[in-house]
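To convert, note that position 115 of the sequence shown is 115 in this note's numbering; the numbers rise steadily by one, no gaps.
Backbone N, C-alpha and C fix where the C-beta goes; we use that ideal spot for every residue, glycine too.
Just so you know, these numbers come straight off a predicted model, no measurement behind them.
Only one structure is covered here, and it is reproduced in the block below.
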Amino acid sequence: MGWFTRSKKNINTSEKMDVPKGLWYKTPSGKIIETDQLKANFYVSPEDDFHVRIGSKQYFEILFDKGKFKELDEKVTSKDPLNFTDTKSYKDRLKEATSKTKLQDAIRNAVGKINGMEICISCMDFSFIAGSLGSVMGEKIRRAIDYCLENKLAYVIICQSGGARMQEAGISLMQMAKVEAKLAQLSKAKLPYISVLTDPSYGGVMASFGSTGDLIIAEPGALIGFAGPRVIKETIGKDLPQGFQSAEFLLEKGFVDIISHRRDLKDTIYKCVDMLTNTK
Numbered sequence: 001m002g003w004f005t006r007s008k009k010n011i012n013t014s015e016k017m018d019v020p021k022g023l024w025y026k027t028p029s030g031k032i033i034e035t036d037q038l039k040a041n042f043y044v045s046p047e048d049d050f051h052v053r054i055g056s057k058q059y060f061e062i063l064f065d066k067g068k069f070k071e072l073d074e075k076v077t078s079k080d081p082l083n084f085t086d087t088k089s090y091k092d093r094l095k096e097a098t099s100k101t102k103l104q105d106a107i108r109n110a111v112g113k114i115n116g117m118e119i120c121i122s123c124m125d126f127s128f129i130a131g132s133l134g135s136v137m138g139e140k141i142r143r144a145i146d147y148c149l150e151n152k153l154a155y156v157i158i159c160q161s162g163g164a165r166m167q168e169a170g171i172s173l174m175q176m177a178k179v180e181a182k183l184a185q186l187s188k189a190k191l192p193y194i195s196v197l198t199d200p201s202y203g204g205v206m207a208s209f210g211s212t213g214d215l216i217i218a219e220p221g222a223l224i225g226f227a228g229p230r231v232i233k234e235t236i237g238k239d240l241p242q243g244f245q246s247a248e249f250l251l252e253k254g255f256v257d258i259i260s261h262r263r264d265l266k267d268t269i270y271k272c273v274d275m276l277t278n279t280k
């Protein structure tokens with residue numbers, strides 16, 4: 001009998017107990033904190049105030065009173081009209097993204113109350129194919145705006161996108177015009193539209209409806225732009241200003257109206273909507 005052979009068969013050590021994933025978070029400076037502590041701090045690193053990238057689930061919990069809301073148009077899903085294939089088929093990419101994220105696409109619509117005021121919010125999820133703009137995003141935004149028009153509600157879009165979805169080619173680009181046409185109807189009805197830019201907000205989303213809000217709010221440190229700094233630098237052949245495309249740089253230049261810490265975002269949105277709808 002070997003030294004390390006167990007004589008009793010009722011002791012089972014064949015399955016190793018792993019530590020569950022997601023219990024810890026490593027800050028940009030290298031400090032390890034508990035995820036519960038991060039959540040309690042609105043998913044902002046308490047050491048360096050770094051705003052961790054989060055999705056629609058977390059934003060809805062933070063913004064809506066007691067985290068309660070009604071999701072709209074949740075069953076709208078993407079098709080593959082072009083039968084697009086690169087290293088894998090678009091159909092497979094959609095299945096993979098849905099399986100991984102448990103989302104139907106890169107945006108969710110919800111209606112709920114913020115400090116007692118009913119508001120409709122569309123929030124993007126970067127985890128679903130980089131928050132890319134496709135036919136579903138355009139259609140869900142269109143439906144959300146129609147809901148606001150019907151119920152006389154303010155509208156908020158939380159942007160978090162790498163740009164248009166290449167697998168849908170021109171169809172994805174058409175969504176920018178589609179959304180802007182609906183936003184024009186919202187403006188005509190004198191209902192507020194607020195754009196919230198989080199990290200990252202790029203490409204066609206930023207070049208269109210992300211930058212046309214009645215008020216534009218950004219989170220601290222968010223990267224905002226059309227093309228990335230490296231591409232721009234190579235195109236113009238010049239060094240870019242320090243902090244180029246950061247929320248703080250764009251606030252200084254007048255592109256962004258407000259920078260709001262995530263813990264204050266709920267009150268900031270409420271105050272902005274209240275100001276824009278106050279008819280006294």
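Query                                                                                                                       : Result
Buried or exposed by the 16-neighbour rule on C-beta atoms within 10 Å, applied to Arg262                                   : buried
Residue(s) in a DSSP beta bridge with Cys123                                                                                : Arg108, Ile158
Cut-off 6 Å between Cβ atoms - residues of its own chain near Ile157, not counting five sequence neighbours on either side  : Ser122, Ser195
Local Cβ density within 10 Å of Ala40, reported as buried at 16 or more and exposed below that                              : exposed
Cross-strand partners of Asp197 (DSSP beta bridge)                                                                          : Per the sequence presented here, residue 197 reads as Leu, with Asp not at that position. Per DSSP, Cys159, Ala218.
Beta-carbon contacts of Lys31 that lie in its chain and below 6 Å, excluding the five residues immediately before and after : Glu47
Alpha-carbon spacing of Ser161 relative to Leu191, whole angstroms                                                          : 25 Å
For Glu34, the first and last residue of its enclosing beta strand (DSSP E)                                                 : 32-34
Chain-order list of residues whose beta-carbon lies under 8 Å from that of Thr35 (same chain, five-residue window excluded) : Gly22, Leu23, Trp24, Tyr25
When Phe69, Thr277, Gly203 are compared against Phe226, the one with the closest alpha-carbon                               : Gly203
Environment of Met1 [buried if 16+ CB atoms lie within 10 Å]                                                                : Low confidence applies here, because Met1 scores a pLDDT of 48, under 50, leaving its location unreliable; read the following figure in that light. Met1 should be labelled exposed.
First through last residue of the beta strand (DSSP E) which encompasses Tyr25                                              : 24-26
Residue range of the unbroken beta strand (DSSP E) whose run includes Leu72                                                 : 69-72
Backbone secondary structure at Thr101 - three-state DSSP                                                                   : helix
Neighbour-count burial assignment, Asp105, 16 or more Cβ in a 10 Å radius                                                   : buried
Cβ neighbour criterion (16 or more within 10 Å) applied to Asp199                                                           : buried
Status (buried if at least 16 other CB within 10 Å, exposed otherwise) for Asp73                                            : buried
Simplified DSSP assignment, three categories, for Ser319                                                                    : Residue 319 lies beyond the range of the chain shown here (1 to 280); nothing can be said about it.
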